[in-house]
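Chemist: As numbered in the working numbering, the sequence shown has no gaps in its residue numbers, which increase by one up to the final residue, 777.
The beta carbon of each residue, even a glycine, is placed where N, CA and C say it ideally should be.
Just so you know, these numbers come straight off a predicted model, no measurement behind them.
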Amino acid sequence: MRTGALEIDREALLAQAVSGAFPDARGRYGPFGGRYVPETLVPALDRLERGVRDHLADPAFRARLESELRTWVGRPTPLTHARELSRRWGADVWLKREDLAHTGAHKINNAIGQALLAQRLGAKRIVAETGAGQHGVASAAACARLGMPCVVYMGAIDMERQAPNVGRMRLLGAEVVPVRSGDQTLRAAIDEALRDWVSDPDGTYYLLGSAVGPHPYPYLVREFQSVIGLEARAQMLEQAGALPDVAVACVGGGSNAIGLFHPFVRDTGVALLGLEAGGTGTGLGQNAASLAYGTPGVLQGCYSLLLQDEHGQIQETHSVSAGLDYPGVGPEHALLATIGRVTYEAAGDDESLEALAECCRAEGILPAIETAHAFAGAKRYARAHPGSRILLGLSGRGDKDMPTLQRTLLKGNPS
Ligand SMILES: *Cc1c(COP(=O)(O)O)cnc(C)c1O
363 MRTGALEIDR EALLAQAVSG AFPDARGRYG PFGGRYVPET LVPALDRLER GVRDHLADPA
423 FRARLESELR TWVGRPTPLT HARELSRRWG ADVWLKREDL AHTGAHKINN AIGQALLAQR
483 LGAKRIVAET GAGQHGVASA AACARLGMPC VVYMGAIDME RQAPNVGRMR LLGAEVVPVR
543 SGDQTLRAAI DEALRDWVSD PDGTYYLLGS AVGPHPYPYL VREFQSVIGL EARAQMLEQA
603 GALPDVAVAC VGGGSNAIGL FHPFVRDTGV ALLGLEAGGT GTGLGQNAAS LAYGTPGVLQ
663 GCYSLLLQDE HGQIQETHSV SAGLDYPGVG PEHALLATIG RVTYEAAGDD ESLEALAECC
723 RAEGILPAIE TAHAFAGAKR YARAHPGSRI LLGLSGRGDK DMPTLQRTLL KGNPS
């Protein structure tokens with residue numbers, strides 16, 4: 363749904379954002395966020411909001427979450443000094459290693475947090491959506507850990523494209539349900555999971571995978587992912603002896619980026635840089651860069667920036683990275699972009715794959731193709747700011763991307 367131009371007071375919103383005022387009581391981030399949902403969903407969201415308020419700050423809940431993060435997820439994840447990339451780029455580059463978290467990416471931080479909350483709320487089963495399959499795998503793992511049944515909705519097209527992750531979810535005990543409606547990809551899977559939740563809002567919990575959707579999800583996901591930035595901030599002070607000049611992360615729905623950025627928003631001396639999927643070009647349908655090229659509108663319960671045409675029709679997106687291939691973005695990023703606290707740029711398919719190859723050889727780390735977009739952005743930043751101290755959110759590992767890497771970087775060099 364397309365909703366016209368924005369009139370905002372940037373200075374006032376910036377001051378509020380820096381003082382931690384968002385979301386407000388209505389779940390809004392300035393003009394963005396909120397809840398644009400059918401009546402049938404309101405009781406379920408109200409219940410969830412009460413649950414968030416009652417349990418998230420509860421010491422017993424925090425202690426249980428911290429114990430799972432430490433002994434099952436493997437936190438804190440290390441901060442690695444990227445010696446060779448620093449030398450090559452003429453900067454001081456530090457990597458926050460979410461690739462070393464259980465199941466290979468940051469998504470597990472949110473999955474185990476929400477699964478614990480679901481248990482507290484008395485839910486008997488969990489439903490989740492997945493696109494590339496990473497959130498489905500994290501949800502399946504978290505549910506197995508807590509002994510809860512898990513149903514994962516996945517677009518039929520995605521199930522074919524991401525067959526190994528379907529197998530992983532099933533081994534972890536989840537039921538994977540193919541979605542044949544709509545675009546048969548992530549967007550249709552989210553709609554289907556919401557429908558399931560509405561039919562049994564007391565017994566079922568919907569475990570949403572990124573910082574998107576209706577309030578309170580963008581807030582809830584940010585709270586569980588902020589562990590990334592909180593750890594990284596302390597590790598920078600301890601290991602580098604100072605805060606970074608810039609923190610860089612890739613942005614799909616925006617969960618790893620908001621997790622890294624949020625603890626730095628008040629540090630106005632720290633620049634923040636988000637990298638979206640630039641795909642093959644700037645035209646509609648060639649990328650998935652909602653902040654760079656999008657306009658305001660409503661998608662899946664939330665007012666944010668979207669890739670849509672002049673009639674409000676959501677556009678097809680393209681990215682070499684399945685995990686960044688979504689036409690919307692979380693509402694807090696839309697605000698941070700609009701008030702200029704975070705700079706967002708697009709990195710293209712080719713540039714990102716080159717950066718991935720460079721990281722492999724220089725540091726002995728194979729990052730996810732999503733993460734490679736952050737490497738491309740950090741390299742650009744280093745070139746423009748010689749000698750700067752760069753903190754890069756390494757959101758996940760790239761083993762899952764081998765089929766794509768065989769077709770692209772390794773083309774002509776089989777095995
Ligand atoms: C899913 C995924 C992303 C994109 O999701 P966000 O919610 O934007 O973080 C980025 N990196 C990796 C490794 C992922 O699996």
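At a cut-off of 6 Å, is residue 721 close to ligand 1 when judged by its beta-carbon and the heavy atoms of the ligand?
Modeler: no
Chemist: May I ask you to report which of helix, strand or coil DSSP gives residue 561?
Modeler: Here residue 561 sits in helix by DSSP.
Chemist: For a test of your reading of the model: does the CB of residue 572 fall under 6 Å from any non-hydrogen atom of ligand 1? Yes or no.
Modeler: yes
Chemist: Within the same chain, show all residues whose beta-carbon is closer than 6 Å to that of residue 488, passing over the 5 residues directly before and after it, in chain order.
Modeler: 480, 505, 510, 512, 567 and 569
Chemist: Using only the heavy atoms of ligand 1, determine whether one of them is closer than 6 Å to the beta carbon of residue 527.
Modeler: no
Chemist: Looking at C-beta atoms only, is the number of pairs between the region 588–601 and the region 707–716 that lie closer than 8 Å three or more?
Modeler: no
Chemist: Is the region 644–664 touching the region 712–728 in the sense that three or more CB pairs, one from each, lie closer than 8 Å?
Modeler: The count of Cβ pairs closer than 8 Å, one atom from the region 712–728 and one from the region 644–664, stays below three, leaving the stretches out of contact.
Chemist: Can we count residue 708 as close to ligand 1, meaning its CB is less than 6 Å from some heavy atom?
Modeler: no
Chemist: Roughly how far, in whole angstroms, is the beta-carbon of residue 651 from the beta-carbon of residue 640, given that I think they are within contact range, below 8 Å?
Modeler: 6 Å
Chemist: Would you mind listing the beta strand (DSSP E) stretches within the region 626–712 that are 3+ residues and don't spill past its ends, in chain order?
Modeler: 633–641, 657–661, 664–668 and 705–710
Chemist: So does the region 688–696 actually touch the region 381–399, counting three or more Cβ pairs closer than 8 Å?
Modeler: Taking a cut-off of 8 Å on C-beta distances, the region 688–696 touches the region 381–399, as three or more cross pairs fall below it.
Chemist: At a cut-off of 6 Å, would you count residue 472 as near ligand 1, judging by its Cβ distance to the nearest heavy atom?
Modeler: no
Chemist: Would you report the Cα separation of residue 547 and residue 520, rounded to the nearest angstrom?
Modeler: Their backbone Cα atoms lie some 6 Å apart in a straight line.
Chemist: Is DSSP giving residue 737 helix, strand or coil here?
Modeler: helix
Chemist: What is the chain-ordered set of residues for which the beta carbon lies under 5 Å from any non-hydrogen atom of ligand 1?
Modeler: 467, 496, 572, 614, 615, 616, 617, 618, 685, 730, 732, 757 and 758
Chemist: Just list the beta strand (DSSP E) runs in the region 488–568, keeping only unbroken ones of 3 residues or longer that don't cross its boundaries, in chain order.
Modeler: 512–517 and 537–541
Chemist: Whose C-beta lies closer than 7 Å to the C-beta of residue 475 among residues of the same chain, with five residues either side of it excluded?
Modeler: 427 and 586
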